[in-house]
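Trainee:
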Amino acid sequence: MRCEWANSSPEMQAYHDNEWCKISHDEKYFFEMLSLELSQAGLSWSTIIKRRQGYKEAFANFDIDTVADFDNAKKAELLQNEGIIRNKLKVNAIINNAKLIRQMHERGEKFSDYIWSFTDGKQIDHHVKSLDTLPAQDELSQKISKDLKKRGFKFVGPTIIYSYLQAVGVYNDHLDTCDFK
589 MRCEWANSSP EMQAYHDNEW CKISHDEKYF FEMLSLELSQ AGLSWSTIIK
639 RRQGYKEAFA NFDIDTVADF DNAKKAELLQ NEGIIRNKLK VNAIINNAKL
689 IRQMHERGEK FSDYIWSFTD GKQIDHHVKS LDTLPAQDEL SQKISKDLKK
739 RGFKFVGPTI IYSYLQAVGV YNDHLDTCDF K
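This is how it looks when you write it as structure tokens:
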């Protein structure tokens with residue numbers, strides 16, 4: 589048995605079974621998920637999952653340094669790319685966030701360590717009985733969102749950050765009855 593939302597498509601099922609709420613510390617994955625989650629704002633996750641390969645191709649397989657160096661010509665090219673959501677604010681946010689993560693790396697910091705520091709490196713299991721009890725945001729996602737915004741990150745509201753924490757495994761929000769918990 590798996591969480592009901594995962595049964596909507598093979599892509600959603602693969603994401604649920606292999607990635608969602610699985611603990612990660614991989615910098616590239618952290619950047620990829622942040623980029624995909626912010627791209628989802630106002631849209632469904634299935635819309636983004638279907639375009640995931642397009643995002644990988646458009647954003648240099650989420651290589652942080654490469655994306656941080658994207659110039660105005662590259663931004664214009666991205667806004668014509670039908671493989672991604674062609675929203676100027678979202679495209680600019682991905683590039684901005686790459687620059688900020690690169691600055692962290694230049695100071696010897698890892699973005700994944702920064703995110704995990706909010707929970708002392710421990711996963712939070714919400715022991716979910718029903719998906720309709722999950723909040724869109726919570727105190728921790730609000731705290732991280734506020735701190736990210738203070739650091740200059742874009743499209744990192746508390747709802748996006750809640751989903752992000754699930755994506756990178758800080759939260760385990762699989763149903764207690766889910767075989768993939």
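Counting with our numbering, you get residues 589 to 769 for the letters of the sequence shown. The beta carbon of each residue, even a glycine, is placed where N, CA and C say it ideally should be.
Considering only C-alpha positions, which residue in the set Leu622, Asn649, Gly630, Cys766 is nearest to phenylalanine 741?
Mentor: The residue given as residue 741 occupies position 153 in the sequence shown. Considering only alpha carbons, the answer is Leu622.
Trainee: Taking serine 596 as the reference, give the member of Asp614, Glu625, Lys638 with the closest Cα.
Mentor: Sequence index remark: in the sequence shown, residue 596 carries index 8 (1-based). Closest by alpha carbon: Lys638.
Trainee: Helix, strand or coil: which one does DSSP assign to asparagine 760?
Mentor: Counting from one through the sequence shown, the residue named residue 760 turns up at place 172. Looking at asparagine 760 - three-state DSSP - the assignment turns out to be strand.
Trainee: Within 10 angstroms of the Cβ of glycine 709, are there 16 or more other Cβ atoms? Answer buried if so, exposed if not.
Mentor: The count along the sequence shown starts at 1 and reaches residue 709 at position 121. Classification for glycine 709: exposed.
Trainee: Using beta-carbon positions only, say whether alanine 629 and isoleucine 748 come within less than 9 Å of one another.
Mentor: Residue 629 sits at position 41 when you count from the first residue of the sequence shown. Residue 748 sits at position 160 when you count from the first residue of the sequence shown. Yes, the pair counts as a contact, with Cβ atoms nearer than the cut-off.
Trainee: Quick check: what's the CA-CA separation for aspartate 651 versus isoleucine 689?
Mentor: Residue mapping note: residue 651 aligns to position 63 of the sequence shown, counting from 1. Residue mapping note: residue 689 aligns to position 101 of the sequence shown, counting from 1. Each residue's Cα considered, the two are about 11 Å apart.
Trainee: Where DSSP assigns a beta bridge to valine 716, which residues make up the other side?
Mentor: Here residue 716 corresponds to residue number 128 of the sequence shown, with the count starting at 1. Answer is Leu763, bridged to valine 716.
Trainee: Rounded to the nearest angstrom, what separates serine 612 and leucine 667 at their Cα positions?
Mentor: Numbered from its first residue, the sequence shown carries residue 612 at position 24. Numbered from its first residue, the sequence shown carries residue 667 at position 79. Their Cα atoms are separated by approximately 30 Å.
Trainee: When you compare each of Gly642, Tyr759, Phe658 to proline 723 by their alpha carbons, which one comes out closest?
Mentor: One-based indexing of the sequence shown puts residue 723 at position 135. It is Tyr759 whose Cα lies nearest to the Cα of proline 723.
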